[in-house]
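Note that full-length UniProt numbering gives residue 203 to position 203 of the sequence shown, counting from 1, and the numbers run on in steps of one.
Have a look at the structure below before the remarks.
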Amino acid sequence: MALRGVIALIFYLAIASAEESTMQYDTIVIGLGSAGVTAASTLARAGRKVLGLEAQDRIGGRVKTVPFGDGVVELGAEWIHGQYPSRVYDTAIQNNITVLSQNLAVDVYQSDGTRDNHELLNGLIMYCLSLVDDTNAKEDSLGAYITRKLKDHLKETHPELLEDKDFLEEFLSLMDLVVDNYVGSSNWNDVSTATKYKELEGDQHLSWHRYGYKTFFELLLNTYKGGPGLANLDIKLNTEVTKIVWPQQPSTPVEVTCKDGKVYKANNVIVTVSVGVLKERHMTLFTPPLPRDKVNAIIGVTMGVMDKIIFSFDKPWWPVSHTFLVFMWKGEDKRKVAKEDFWTTKIFSASTPMGSSNTLTLWTSGETGKWVETIPEEVVKRKSVELLQKFLGANVTIPEPTGMLRTTWYSNPYTRGSYTFDSVSSMKYPNYRADLGKPLPDSAGTPKVLFAGEATDLTHFSTVHGASASGYREAMRLLPHSKI
Ligand SMILES: Cc1cc2nc3c(=O)[nH]c(=O)nc-3n(C[C@H](O)[C@H](O)[C@H](O)COP(=O)(O)OP(=O)(O)OC[C@H]3O[C@@H](n4cnc5c(N)ncnc54)[C@H](O)[C@@H]3O)c2cc1C
Ligand SMILES: *[C@@H]1O[C@H](CO)[C@@H](O)[C@H](O)[C@H]1NC(C)=O
Ligand SMILES: *[C@@H]1O[C@H](CO)[C@@H](O)[C@H](O)[C@H]1NC(C)=O
């Protein structure tokens with residue numbers, strides 16, 4: 001570049017950054033996952049000047065679609081849980097995108113390679129799962145409740161199994177894992193039967209299959225198939241927010257400082273970072289510090305962990321009739337597993353994703369999930385193949401995988417976990433989710449710092465549709481008279 005060009009460029013950059021630092025937005029949205037993108041796009045479409053700041057190099061947060069195998073896989077959210085009323089489902093349908101129902105049938109395999117009683121076992125798993133949303137439990141913990149109900153059920157249907165201590169122990173530990181991988185817990189005794197979670201109406205397991213869940217964000221932001229985006233919305237990726245100064249005076253703007261030193265101003269901000277992130281950084285993030293009830297809610301909420309290990313193969317070699325191939329140990333086989341490989345006994349299943357035909361997902365959760373995030377890739381791969389061989393390989397030799405992806409939602413400093421659940425301990429604070437979502441007003445009572453995100457939805461937490469609903473809720477708080 002000629003010297004003149006360099007000087008012109010420096011001059012241009014100086015003007016651009018001067019403009020940037022004096023520019024004041026109506027709203028800054030921090031974090032561009034489901035909640036942030038919904039809030040930002042709703043406000044921008046209503047004519048507000050919006051800035052979206054995202055720490056990572058991509059949009060989507062805990063939704064992350066990546067090319068893998070002969071299609072795509074989901075490292076984060078996989079299904080649309082329910083249809084009515086769901087902004088996620090509506091967005092697909094309104095844009096003529098066909099989402100597919102996935103039948104989540106289970107089929108049990110055992111550690112000695114046999115399939116004895118698998119029909120019976122499949123039925124018992126479905127029986128236990130039907131109890132998860134039962135609201136009539138006397139027990140506090142889901143583990144205690146399902147254990148009692150299962151024993152009563154066996155007494156009537158299969159009394160001989162009640163006498164088989166080894167069977168009962170292994171089946172209960174399998175059900176513990178099934179529940180843990182559903183809610184992100186370490187132990188089903190931590191999961192509260194008093195949970196406020198509600199399912200939406202309709203199909204609970206719709207898949208974006210080869211489109212990928214990322215399509216949801218492209219549609220909201222008008223970038224699908226090369227769309228131009230939204231005129232009133234500026235987005236900055238790789239931009240980690242480190243400080244939010246929120247003065248009490250109504251006329252003084254909120255100041256958001258980023259790791260790169262840049263400062264942005266707005267009338268208000270919507271914070272959508274996960275509660276995992278808030279737990280770790282709320283003390284340094286906010287000036288003045290957050291009020292007591294907000295801090296108590298952040299401490300009180302339980303962030304779960306759920307991770308995936310995904311393999312690709314030359315071609316599928318597994319039976320395709322069921323989505324979840326479930327692993328049930330025999331006590332004698334489990335006792336032979338080396339101590340450092342204990343985590344392999346905590347993988348309850350392999351499942352078949354819908355975005356590709358030659359990939360298989362193993363699931364981990366809770367403390368086991370955190371542990372597996374720290375094990376070297378090569379070890380995870382080798383031990384996982386051994387596990388597949390043990391349970392599924394009685395009649396086939398499991399081929400070497402052609403690729404492996406493994407998620408690290410807990411190690412990731414921008415999530416610090418997968419999603420929240422109503423734990424026995426968190427339910428001691430009945431209003432904690434409402435407190436998490438309550439805005440902080442200025443001295444005139446106008447919302448200045450607003451909070452959205454999965455964890456702030458009272459009944460649809462832990463989902464993409466719940467996160468989206470929370471983003472819409474906070475956008476509407478700032479657009480009280482609009483008809484969007
Ligand atoms: C493995 C897994 C499987 C799941 N499966 C499903 C499923 O099948 N169906 C379903 O409905 N839900 C599922 N979920 C849950 C769902 O993904 C989440 O509830 C939802 O995506 C959360 O959206 P959010 O906007 O609240 O938070 P996030 O998506 O976490 O968005 C917050 C954003 O803030 C950014 N951020 C954090 N700190 C900063 C900072 N300091 N500065 C700037 N930006 C920052 C983050 O990078 C992130 O992009 C799953 C989640 C996981 C992890
Ligand atoms: C969806 O399809 C219908 C019928 O073919 C068409 O009228 C409509 O414009 C389409 N919508 C979008 C967003 O493509
Ligand atoms: C292996 O094949 C035998 C005989 O067909 C069958 O009974 C058994 O269930 C199969 N095992 C597995 C793990 O597929």
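Built from N, CA and C at the ideal position, the CB exists for glycine as well.
With a CB to CB cut of under 8 Å and the five nearest residues on each side skipped, what residues in its chain are close to residue i?
| i | result |
| --- | --- |
| Ile447 | One detail in the question is off: residue 447 reads as Pro in this sequence, not Ile. Answer for Pro447: Asn268, Pro439, Leu440, Pro441, Arg477, Leu478, listed in chain order. |
| Asn181 | Met306, Phe348, Ser349, Trp363, Thr364, Ser365 |
| Tyr472 | Thr38, Ala39, Thr42, Arg87 |
| Arg148 | Glu139 |
| Thr287 | Lys243, Ile244, Val245, Trp246 |
How about residue i and residue j: are their beta carbons less than 8 Å apart?
| i | j | result |
| --- | --- | --- |
| Val99 | Ala105 | no |
| Val424 | Gly366 | no |
| Ala297 | Gln24 | no |
| Thr27 | Leu43 | yes |
| Ser41 | Leu237 | no |
| Leu458 | Arg433 | yes |
| Gln83 | Gly229 | no |
| Ala469 | Phe461 | no |
| Thr272 | Ala55 | no |
| Met404 | Glu373 | no |
| Leu150 | Val191 | no |
| residue 485 | Thr302 | Outside the displayed span of the chain (1 to 484) sits residue 485, for which this structure offers no information. |
| Tyr89 | Leu206 | yes |
| Ala144 | Asn189 | yes |
| Thr344 | Leu392 | no |
| Gly184 | Ser426 | no |
| Gly61 | Gly31 | yes |
| Val256 | Val241 | yes |
| Leu220 | Asn95 | no |
Looking only at its chain, what residues have a beta carbon closer than 6 Å to the beta carbon of residue i, apart from the 5 residues adjacent to it on each side?
| i | result |
| --- | --- |
| Lys64 | Leu75, Gly76 |
| Ile15 | In this prediction, Ile15 scores a pLDDT of 47, lower than 50, which makes its location untrustworthy; the coordinate-derived value is nonetheless stated afterwards. Contacts found: none. |
| Thr195 | Asp422 |
| Ala475 | Ala39, Thr42, Leu43 |
| Ile270 | Val29, Ala39, Leu450, Ala452, Glu474 |
| Ser17 | The pLDDT assigned to Ser17 is 49, lower than 50, so where the model puts this residue is not dependable; a value taken from the coordinates is nonetheless given after this. Excluding sequence neighbours, Ser17 sits near nothing in its chain. |
| Trp246 | Val254, Lys448, Val449 |
| Phe167 | Leu161 |
| His282 | Leu290, Ile298 |
| Leu131 | Ile146, Lys149 |
| Val337 | Thr345 |
| Leu278 | Ile298 |
| Ile235 | Gly52 |
Report, in whole angstroms, the separation of the C-beta atoms of residue i and residue j, which I expect to be a contact under 8 Å.
| i | j | result |
| --- | --- | --- |
| Asp70 | Asp333 | 34 Å between Cβ atoms; not a contact. |
| Tyr107 | Asn122 | Before going on, a small fix: residue 107 reads as Asp here, not Tyr. Rounded, the Cβ-Cβ distance is 6 Å, consistent with contact. |
| Ile309 | Arg406 | 5 Å |
| His153 | His465 | Contact doesn't hold; Cβ gap of about 33 Å is too wide. |
| Ala467 | Pro250 | 30 Å between Cβ atoms; not a contact. |
Within the same chain, show all residues whose beta-carbon is closer than 7 Å to that of residue i, passing over the 5 residues directly before and after it, in chain order.
| i | result |
| --- | --- |
| Arg115 | Tyr109 |
| Pro316 | Ser357, Asn358 |
| Ser411 | Glu373 |
| Pro480 | none |
- Is it a yes or a no for the stretch 319–327 touching the stretch 31–47, going by three-plus beta-carbon pairs under 8 Å? no
Query - Touching by the beta-carbon criterion (3+ pairs, under 8 Å), the stretch 251–260 and the stretch 392–402 - result: no
task = Ignoring anything shorter than 4 residues or poking outside the stretch 121–194, list the alpha helix (DSSP H) runs there in chain order.
result = 142–157, 159–163, 165–183
Continuous alpha helix (DSSP H) assignments of at least 4 residues falling wholly in the stretch 23–100 | 34–45, 87–94
key: Runs of alpha helix (DSSP H) lying entirely within the stretch 336–375, each at least 4 residues, in chain order   = 366–374
Self-check item: Contained alpha helix (DSSP H) runs [length at least 4] in the stretch 251–324, N- to C-terminal order
Solution: 275–285, 292–300
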